[in-house]
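*Asks:* The structure that follows is given in the form of structure tokens.
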Amino acid sequence: MTTTRRVAFGFGGNYRFALMHSRPLKNYLWGTWKVRCPNKHDDTVTQATAQHECEKCHQQVFKDGKVTVVCPNGHPNEVPLNGKKESVICQNGGCKLECRRDK
Ligand SMILES: [Zn+2]
Ligand SMILES: [Zn+2]
């Protein structure tokens, strides 16, 4: 008895789409950022990030709807997340640099 089955890969192209939408993100950073944990370690995150554990001390970086991003001059900026955050201008002194790193 020989049964030949063709496996349908027709939905393969939607896999990534389905994956991205299986866990809806509400409040998140979009892009490449340096985020600072409560113990002042900096990690780099990319793309959509709503949760991040510090690679060194495993503290959650996102707390109470806020995250601390670090500008290219090393200034920390605590920002509230409300939807998709794509841009943060450094509020330290006259710095005014974009904290996002891939712009
Ligand atoms: Zn840490
Ligand atoms: Zn700055």
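Okay, so the sequence shown: first residue is 5 according to my numbering, each after it adds one. Backbone N, C-alpha and C define an ideal beta-carbon position, used for all residues, glycine too.
1) Can you give me the C-alpha to C-alpha distance between A52 and K30, rounded to a whole angstrom?
2) Please determine, among N86, K60, T48, Y32, the residue with the shortest C-alpha to C-alpha distance to P76.
3) Would you call the CB atoms of P80 and R105 closer than 7 Å?
4) Note down the Cα distance separating G87 from Q63, rounded to an integer number of angstroms.
5) Decide if K100 is buried, meaning its Cβ has at least 16 other Cβ atoms within 10 Å, or exposed.
6) Using the Cα positions of C103 and T50, report the straight-line distance between them to the nearest angstrom.
7) Would the beta-carbon of N86 be found less than 6 Å away from any heavy atom of ligand 2?
8) Thinking just about the alpha-carbon of each residue, which of E59, N96, G35, K67 is nearest to the one in D46?
*Replies:* In short, the structure shows the following:
1) 10 Å
2) T48
3) no
4) 22 Å
5) exposed
6) 13 Å
7) no
8) E59
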